[in-house]
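Chemist: Sequential numbering of the sequence shown, starting at 0, is according to numbering that gives the first Met the number 0.
The beta carbon of each residue, even a glycine, is placed where N, CA and C say it ideally should be.
Keep in mind it's a predicted model, so treat the numbers as computed, not measured.
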Amino acid sequence: MIKDCSTVWSNCLQVIKESIGDQSYKTWFEPIKPISLRDSVLTIQVPSQFFYEWLEEHYVGLLKKVIYQELGSEGRLEYSIIVDRGNDSNKPQTVNIPTKKIPAAVVNSYKPEQSFIKSPFESKTIDRNFLNSQLNAAYTFENYIEGDCNRLARSAGYAVANKPGTTSFNPLMVYGGVGLGKTHLVQAIGNQIKNTYPDKFVLYVSSEKFVNQFIESLKTNNVQDFANFYLLVDILIIDDVQFLSGKEKTQEMFFHIFNHLHQSGKQIVMTSDCPPRDLKGLEERLLSRFKWGLTADLQSPDFETRMAIIQKKMQSDGIDIPDNVVEYLAYSVDTNVRELEGVLISLIAQSSLNRKEVDLELAKQALKHIIEDVETEVNLDFIQKTVAEYFQVSLDSLKAKTRKKEIVTARQVAMYFAKEFTNHSLKSIGYHFGGRDHSTVIHSVQTVSDLIDTDKKFKVSIQELQKKFKSKAG
0 MIKDCSTVWS NCLQVIKESI GDQSYKTWFE PIKPISLRDS VLTIQVPSQF
50 FYEWLEEHYV GLLKKVIYQE LGSEGRLEYS IIVDRGNDSN KPQTVNIPTK
100 KIPAAVVNSY KPEQSFIKSP FESKTIDRNF LNSQLNAAYT FENYIEGDCN
150 RLARSAGYAV ANKPGTTSFN PLMVYGGVGL GKTHLVQAIG NQIKNTYPDK
200 FVLYVSSEKF VNQFIESLKT NNVQDFANFY LLVDILIIDD VQFLSGKEKT
250 QEMFFHIFNH LHQSGKQIVM TSDCPPRDLK GLEERLLSRF KWGLTADLQS
300 PDFETRMAII QKKMQSDGID IPDNVVEYLA YSVDTNVREL EGVLISLIAQ
350 SSLNRKEVDL ELAKQALKHI IEDVETEVNL DFIQKTVAEY FQVSLDSLKA
400 KTRKKEIVTA RQVAMYFAKE FTNHSLKSIG YHFGGRDHST VIHSVQTVSD
450 LIDTDKKFKV SIQELQKKFK SKAG
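1) In this structure, does DSSP put residue 270 in helix, strand or coil?
2) In the segment 387-429, which residue ranges form an unbroken alpha helix (DSSP H) of at least 4 residues, counting only runs that do not cross its ends?
3) Quick check on residue 204: does DSSP put it in helix, strand or coil?
4) So, is residue 476 buried or exposed, given that buried needs 16 or more other C-beta atoms within 10 angstroms?
5) Quick check on residue 15: buried or exposed, where buried means 16 or more other Cβ atoms within 10 Å of its Cβ?
6) Would you call residue 170 buried or exposed, if buried means 16 or more other Cβ atoms sit within 10 Å of its Cβ?
7) Please specify which runs of the alpha helix (DSSP H), each continuous and at least 4 residues long, are wholly inside the segment 316-383, giving them in chain order.
8) In the DSSP assignment, find the unbroken beta strand (DSSP E) run with residue 37 in it and report its ends.
9) Whole angstroms are fine: how far does the CA of residue 439 sit from the CA of residue 356?
10) Can you tell me which of 37, 343, 315, 235 puts its alpha carbon nearest to the alpha carbon of residue 328?
11) Taking residue 144 as part of the alpha helix (DSSP H), name the residues at either end of that continuous run.
12) Would residue 435 pass as an interface residue toward chain D - the criterion being a Cβ-Cβ separation below 7 Å?
13) What is the DSSP secondary structure of residue 14, reduced to helix, strand or coil?
14) Once the 5 residues before and after residue 309 are set aside, which same chain residues still bring their CB inside 8 Å of it?
15) For residue 237, list the residues DSSP reports as bridge partners.
16) Give a yes or no on whether the C-beta atoms belonging to residue 34 and residue 26 are separated by under 7 Å.
17) Residue 417 and residue 397 look like a contact to me (Cβ under 8 Å); what is the Cβ gap, rounded to whole Å?
18) Would residue 48 be called buried (16 or more neighbouring beta carbons within 10 Å of its own) or exposed?
19) Leaving out five residues before and five after residue 114 in sequence, what residues of the same chain have Cβ atoms less than 7 Å from its Cβ?
20) Taking residue 332 as the reference, give the member of 365, 282, 165, 353 with the closest Cα.
21) Only counting the same chain, and skipping five residues up and downstream in sequence, which positions put a Cβ closer than 8 Å to that of residue 273?
22) According to DSSP, which residues form a beta bridge with residue 296?
23) On the criterion of 16 or more Cβ atoms from any shown chain inside 10 Å, does residue 276 qualify as buried, or is it exposed?
24) Output yes or no for whether 7 Å exceeds the beta carbon distance between residue 183 and residue 143.
25) To the nearest angstrom, how far is it from the Cα of residue 269 to the Cα of residue 181?
26) Just the C-alpha distance for residue 288 and residue 63, rounded to the nearest angstrom, thanks.
27) If distances are taken between C-alpha atoms only, which option among 28, 37, 46, 38 comes closest to residue 59?
28) Taking Cβ positions, are residue 250 and residue 282 nearer each other than 7 Å?
29) Tell me whether the beta-carbon of residue 163 lies closer than 7 Å to the beta-carbon of residue 262.
30) By the three-class DSSP mapping on this structure, what secondary structure does residue 127 have?
31) Counting C-beta neighbours from all protein chains within 10 Å, is the total for residue 69 16 or more, i.e. buried, or is it exposed?
32) Do you know whose CA, among 46, 10, 146, 470, lies nearest residue 306's CA?
33) Could you tell me the alpha carbon to alpha carbon distance between residue 449 and residue 379, rounded to whole angstroms?
34) In whole angstroms, what separates the C-alpha of residue 227 from that of residue 221?
35) Quick one: is residue 197 buried, meaning 16 or more other Cβ sit within 10 Å of its Cβ, or exposed?
36) Can you check which of these residues, 80, 260, 457, 203, is closest to residue 133 by C-alpha distance?
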């Protein structure tokens, strides 16, 4: 009877399944596809170069054994390896490689492996159905406030969460400074996937932990378990990939895991403190893969988003704060979300410990250390004070409703420099000048620009003030 490739490989799998553990079988043999059988040469397709190398290193004896049983002593195995496909995922490219020649003694001495793998997160053996995602359930899309500062990243994350591995956002790289919500967003993606696709294995891990686990696997000779574990993952979320910088061995392992997961249609989500092009100490082949999908940045939240963050936090914690205090907090803390939430917690704690109502005076006390920290910066308060002194008007008059010419001019100049030297939005600047709207700020900036071009004396005044601010900024 003439055998076909599917029948031969099916018979081989029956023997293989009895010889190795269920997880190893699912990881290393279920993805294999029989391609052809010609002249006693069975060709099988594997997802990646790493996959091929792993089979040859760990299962070549078993593979030779089952091939000999099915095809006789002349039987041979050849791999068809899916290689990098660039941006055209519909046209996989393959390269055929014959299996290594090994002596019969190795084939006959193959011993069945243990029926479990070890998780690098646990000290005991594990079952895939009980793997811990390492996610914090508190991080969700519902409590992630959207604004201009994060809209692209959030929208892409939500798309990935609903259709992991099937969008063009694979991998999804989210980057930004400290405390801007990177970890919240990527864990929200993971939690959403877990809720929508409970059968998928979602894993969140920091790069630092990944590195430490890999080093430990080298020390304990458990690299196979380490790789097996990560190849079980359906959605890999890895935080702070910049931590892989300079760690060549770890990068090599991550490169192979990345390739295998990506080519198997699994979703990869990463965070970094900078875009891929600015990551130092990472191999070029890794950086190029980071750019395959979508790279989205998170910026410092604007005034409106900071207001919404505070209000959402108040709602979730069941606390009530006067509107003027909320506005003061949103205006004063313009760095990142983490610091904003920290100030809010500090304010509530001071209110509780001192048995005082939350009011503007208490808020100013709570923010005293922050105001001191930015004394050397050119902030809005410094600009207002400097301009008021220069034009010899009171500080309060800059925020008042008066239309006196000298005060209007001073106010417009202060707004002009606020736009030039701070990162505040137009609305935030307007709020700081007596609650004026953004159109007033735009008009003020344009008026000052026009006067610089037409009034030489006014231009000199602006240049003098500019020197003061540049000197302050260093």
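Modeler: Well, looking at it:
1) As a working note, residue 270 is residue 271 in the sequence shown. In the three-state reduction of the DSSP assignment, residue 270 falls in the strand class, which pools E and B.
2) 404-420, all fully within the segment 387-429.
3) Residue mapping note: residue 204 aligns to position 205 of the sequence shown, counting from 1. Three-state DSSP puts residue 204 in a strand.
4) Nothing about residue 476 can be read from this structure; the chain reaches only from 0 to 473.
5) Along the sequence shown, one-based indexing puts residue 15 at 16. Around the beta carbon of residue 15, 16 or more other beta carbons sit within 10 angstroms, so the residue counts as buried.
6) Numbered from its first residue, the sequence shown carries residue 170 at position 171. Looking at its Cβ environment, which holds 16 or more other Cβ atoms inside 10 Å, residue 170 is buried.
7) Whole alpha helix (DSSP H) segments, 4+ residues: 322-331, 336-353, 359-365, 367-372.
8) The residue given as residue 37 occupies position 38 in the sequence shown. Residue range 32-37 is occupied by the beta strand (DSSP E) that includes residue 37.
9) Walking along the sequence shown from the start, residue 356 turns up at place 357. Walking along the sequence shown from the start, residue 439 turns up at place 440. Between residue 356 and residue 439, the alpha-carbon positions lie close to 35 Å from each other.
10) Within the sequence shown, numbered from 1, the residue matching residue 328 stands at position 329. Comparing Cα-Cα distances from residue 328 to each of 37, 343, 315, 235, the minimum goes to 343.
11) Taking the sequence shown and counting its residues from 1, the one referred to as residue 144 is at position 145. No alpha helix (DSSP H) contains residue 144, which DSSP labels as neither H nor E.
12) Among the chains of the structure shown, chain D does not appear; only one protein chain is present.
13) The residue labelled residue 14 in the question sits at position 15 within the sequence shown. Note: residue 14 maps to helix in three-state DSSP.
14) Numbered from 1 along the sequence shown, position 310 holds the residue referred to as residue 309. Closer than 8 Å at the Cβ level, and outside the excluded window around residue 309, lie 320, 325, 328, 329, 339, 343.
15) In the sequence shown, residue 237 corresponds to position 238, counting from 1. Answer is 204, 269.
16) The count along the sequence shown starts at 1 and reaches residue 34 at position 35. The count along the sequence shown starts at 1 and reaches residue 26 at position 27. Cβ atoms of residue 34 and residue 26: not closer than 7 Å.
17) Along the sequence shown, one-based indexing puts residue 417 at 418. Along the sequence shown, one-based indexing puts residue 397 at 398. Contact doesn't hold; Cβ gap of about 11 Å is too wide.
18) Within the sequence shown, residue 48 is the residue found at index 49, counting from 1. Per the 10 Å Cβ criterion, buried.
19) Numbered from 1 along the sequence shown, position 115 holds the residue referred to as residue 114. Confidence is the limiting factor: at residue 114 the pLDDT is only 36, short of 50, which leaves the residue's position unreliable and the question unanswerable from this model.
20) Against the sequence shown, residue 332 aligns to sequence position 333. Comparing Cα-Cα distances from residue 332 to each of 365, 282, 165, 353, the minimum goes to 365.
21) Working through the sequence shown from its first residue, we reach residue 273 at position 274. These residues qualify, in order along the chain: 174, 241.
22) Translated into the one-based positions of the sequence shown, residue 296 becomes position 297. The partner list for residue 296 (beta bridge, DSSP) reads 174.
23) On the sequence shown, position 277 is the one that residue 276 refers to. Classification for residue 276: exposed.
24) Taking the first residue of the sequence shown as 1, we reach residue 183 at position 184. Taking the first residue of the sequence shown as 1, we reach residue 143 at position 144. Cβ atoms of residue 183 and residue 143: closer than 7 Å.
25) By 1-based counting over the sequence shown, the position of residue 269 is 270. By 1-based counting over the sequence shown, the position of residue 181 is 182. The alpha-carbon separation between residue 269 and residue 181 amounts to approximately 9 Å.
26) To locate residue 288, count along the sequence shown from 1; it is residue 289. To locate residue 63, count along the sequence shown from 1; it is residue 64. Answer to the nearest angstrom: the Cα atoms are 34 Å apart.
27) In the sequence shown, residue 59 corresponds to position 60, counting from 1. The residue among 28, 37, 46, 38 with its C-alpha nearest the C-alpha of residue 59 is 28.
28) Stepping through the sequence shown from its first residue, residue 250 is reached at position 251. Stepping through the sequence shown from its first residue, residue 282 is reached at position 283. It is a contact, given that the beta carbons lie within the stated cut-off.
29) Start at 1 with the first residue of the sequence shown, and residue 163 comes out as number 164. Start at 1 with the first residue of the sequence shown, and residue 262 comes out as number 263. Taking 7 Å as the Cβ cut-off, residue 163 and residue 262 do not qualify as a contacting pair.
30) For the purposes of this step, residue 127 is identified with residue 128 of the sequence shown, where counting begins at 1. With a pLDDT of 49 at residue 127, under the threshold of 50, the predicted position of this residue should be treated as unreliable, though the coordinate-derived value follows. Helix at residue 127.
31) Taking the first residue of the sequence shown as position 1, residue 69 is located at position 70. Residue 69 is buried by the Cβ-count criterion.
32) Locating residue 306 in the sequence shown gives position 307, counting from the first residue. Residue 306 has its Cα closest to that of 146, out of 46, 10, 146, 470.
33) In the sequence shown, the residue the question calls residue 449 occupies position 450. In the sequence shown, the residue the question calls residue 379 occupies position 380. A direct Cα-Cα distance of roughly 23 Å separates residue 449 from residue 379.
34) One-based indexing of the sequence shown puts residue 227 at position 228. One-based indexing of the sequence shown puts residue 221 at position 222. Between the C-alpha atoms of residue 227 and residue 221 there is a straight-line separation of about 10 Å.
35) To locate residue 197, count along the sequence shown from 1; it is residue 198. It is exposed - the Cβ of residue 197 has fewer than 16 other Cβ atoms within 10 Å.
36) Walking along the sequence shown from the start, residue 133 turns up at place 134. Ranked by Cα distance from residue 133, the first of 80, 260, 457, 203 is 203.
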